[in-house]
Amino acid sequence: MVGEVVIAQRYLISGGRFIDPANGVDRVTDLAIADGKVVAVGRVPRGFKTATEIDATGQWVLPGLVDLRARVRPSHAEENLVSVSELLAAVAGGVTTLVAAPEDGVLMDSSAAAHRLQQHSENLGLCRVIPQGALTRQLKGDQLSEMAALQRAGCQLMGNGRAPVGSQMMRNALDYAANFDLTVVVHCEVPGLAQGCIHEGATSLRLGLPGIPAAAEEAAVGRDLALARLTGAQLHFAGISTADAVQLLANAKKGGLPVTADVAIHHLLLCDEDITGFDVNYHTRPPLRGASDRTALCKAVRNSVIEVICSDHAPKSAATELLPFAESEPGIAGIESLLSLVLELVRNRRLPLERALSAVTASPAKLLQGSRGQLAEGAAADICIVDPGRAWQLQPASWQSRGCNSPFTGRNLRGRVTHTLIAGDLVYRLSGDRTQFPTINDSTVRT
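FYI, in this note's numbering the residues of the sequence shown are 112 to 558.
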């Protein structure tokens, strides 16, 4: 039965390497949990009685991951609900909080809709789901939503998904958002230049597929930076993929503009040269760019020009693999493999460990203006425990997600989440080769 949540227990996580980038902590120590919160880091309080001890020797104890971009709406369910399989995938990947993208079809353009989504996800007893409020009503781009009401309902981020917003309407939206200290999320693409399905370059020519030039992103970033400068609004650029856009962001930050950005994990590991055929698992939006873009993106994350790494999780059915590349729906399922792929960047020396972990914990949590993404005493006990040396092969067919669409299929990885706790409840553990979800009855499944 989904939704049968156990009462928060007392846990002692012992012997693990405790890494908390938000507070600059990295040491082997113990962590005591009671009433859903971290009650001690290091010395356990005298008289502390624990119901369960988790031996984390040889493992890393991290804040739960915060994923700013994930599509978790079921394809067949009623409006404003989330998919159980995608939340199972989230906690199996160590994600404890995610932001539901507006392009899910989850139209967060009213406070009632936002409340329904949050209540439904809370009843499931798995990953926290925070709605991103709709910037315009029904994402149509012609009338502003009630952003103040959405903010009161728990939406700190506002966006229009990939639906275009005209320049005057965007200016109006940014003026409104600035008055309420809201962050507006923008996807950077000029629609008229983005009619293709792959990065415009040598690979698109070789495959004979219509390309999307880097200029489609650069032009959109330039417009929105100009509007941010005009209005003083806080802007978050979602899914940055080009070196030119990175340079624009770097210059804007030097000029003091209140802007942030994220990048999808696949844009840090892959480029268009990896598309050797017409494999639709490589079809993503924005498209995989050139090798030089990938290098610039990694450097931007390392230097915090791009603060956040996200999964950009977009599960698709197996039937989509039968479609031609240009006709297939773009997207990659990746929430369950996010942390393992981030650790690959660390092993390959593209990112230092603390910065890489901050990009999936403290940095995205900061945008949500809460206390998530860190494990100081008194913080919510949202915790991910990972075995950094555990080898596994990425096989989406055995994932919790309904989506099997990943270009990383068959990739040998190191680093596997073994436990996930949310508000002090153990919601996931890996025991041998079996994944278990203790808050859900009859939920033990083979990986």
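Ideal placement from N, C-alpha and C gives every residue a C-beta, glycine not left out.
Computed from a prediction, not measured in an experiment: that's the story for all the values here.
How is the beta strand (DSSP E) around residue i delimited, first residue to last?
| i | result |
| --- | --- |
| GLN345 | 345 to 349 |
| TYR539 | 536 to 542 |
| GLN594 | Any question about residue 594 goes unanswered here, given that the chain covers just 112 to 558. |
| MET269 | 268 to 270 |
| GLU164 | 163 to 166 |
Helix, strand or coil for residue i? Go by DSSP, reduced to three states.
| i | result |
| --- | --- |
| SER125 | strand |
| SER469 | helix |
| ALA375 | strand |
| LEU209 | strand |
| ALA411 | helix |
| LEU524 | strand |
| MET281 | helix |
| GLN120 | coil |
| GLU384 | helix |
| VAL419 | strand |
| ALA425 | coil |
| ALA444 | coil |
| ARG248 | helix |
| ARG405 | helix |
| LEU478 | helix |
| ALA274 | coil |
| LEU464 | helix |
| GLU115 | Here GLU115 scores only 37 on pLDDT, less than 50, and its place in the model is too uncertain to base an answer on. |
| PRO507 | helix |
| ASP390 | coil |
| PRO132 | helix |
| PHE436 | helix |
According to DSSP, which residues form a beta bridge with residue i?
| i | result |
| --- | --- |
| VAL242 | It is worth fixing the name first, because residue 242 is Pro in this sequence and not Val. BP columns for PRO242 point to ALA211. |
| GLN547 | ARG540 |
| LYS148 | ALA145, ALA491 |
| PRO174 | ILE494 |
| THR294 | LEU268, GLN345 |
| THR140 | GLY127 |
| THR431 | DSSP, once it has assigned bridges, lists no residue as partnering THR431. |
| THR531 | CYS495, TYR539 |
| LEU192 | Bridge partners of LEU192: none, in fact. |
| LEU255 | THR247 |
| SER181 | It is Ala, not Ser, that sits at residue 181 in the sequence shown. The partner list for ALA181 (beta bridge, DSSP) reads ALA211, HIS424. |
Which stretch, first to last residue, makes up the alpha helix (DSSP H) that contains residue i?
| i | result |
| --- | --- |
| GLN230 | 222 to 235 |
| GLU455 | 449 to 458 |
| VAL202 | 195 to 203 |
| ARG263 | 258 to 263 |
For chain B, is any of its Cβ atoms less than 7 Å away from the one on residue i?
| i | result |
| --- | --- |
| ALA372 | Given the protein chain composition of this structure (a single chain), no chain B is represented. |
Examine the Cβ distances between the region 134 to 147 and the region 487 to 494 and report whether three or more of them are shorter than 8 Å.
-> With the cut-off at 8 Å, the region 134 to 147 and the region 487 to 494 touch.
Could you give the uninterrupted runs of the alpha helix (DSSP H) lying entirely in the region 298 to 377, keeping only those of 4 residues or more?
-> Within the region 298 to 377, the complete alpha helix (DSSP H) runs of at least 4 residues are 313 to 318, 326 to 342, 354 to 365.
Answer yes if the region 196 to 211 comes into contact with the region 432 to 441, meaning at least three C-beta pairs across the two stretches below 8 Å, and no otherwise.
-> Not touching, per the Cβ criterion.
Would you be able to state if there are at least three C-beta pairs under 8 Å between the region 468 to 476 and the region 172 to 184?
-> For the pair of segments examined, the region 172 to 184 was found to touch the region 468 to 476: the number of CB pairs separated by less than 8 Å reaches three.
Do three or more CB pairs link the region 355 to 373 to the region 272 to 288 at distances below 8 Å?
-> For the pair of segments examined, the region 355 to 373 was found not to touch the region 272 to 288: the number of CB pairs separated by less than 8 Å stays below three.
Is the region 421 to 436 in contact with the region 370 to 381, if contact means three or more CB pairs nearer than 8 Å?
-> Contact holds: three or more Cβ-Cβ distances are below 8 Å.
Cβ contact (3+ pairs, closer than 8 Å) linking the region 319 to 329 and the region 395 to 402 = Yes, they touch.
Give a yes or no on contact between the region 293 to 306 and the region 266 to 275, applying the rule of three or more CB pairs nearer than 8 Å.
-> As far as the Cβ criterion goes, the region 293 to 306 touches the region 266 to 275, which means the pair count is three or higher.
Pair every Cβ in the region 460 to 467 with every Cβ in the region 531 to 539, then say whether three or more of these pairs are closer than 8 Å.
-> Inter-segment contact for the region 460 to 467 and the region 531 to 539 is absent: fewer than three beta-carbon pairs are separated by less than 8 Å.
Using 8 Å as the threshold, is the region 300 to 308 in touch with the region 241 to 258, meaning 3 or more CB pairs across them?
-> Fewer than three beta-carbon pairs drawn from the region 300 to 308 and the region 241 to 258 are found closer than 8 Å, and the two stretches are therefore not classed as touching.
Inter-stretch contact at 8 Å, needing at least 3 Cβ pairs: the region 159 to 169 / the region 119 to 127 = They touch, by the three-pair rule.
Given 8 Å, three or more beta-carbon pairs between the region 337 to 357 and the region 313 to 321 | Not touching, per the Cβ criterion.
Tell me, please, whether the region 382 to 400 touches the region 409 to 420 by the rule of three or more beta-carbon pairs shorter than 8 Å.
-> Look at the beta carbons and you see the region 382 to 400 not touching the region 409 to 420: under three pairs across the two are nearer than 8 Å.
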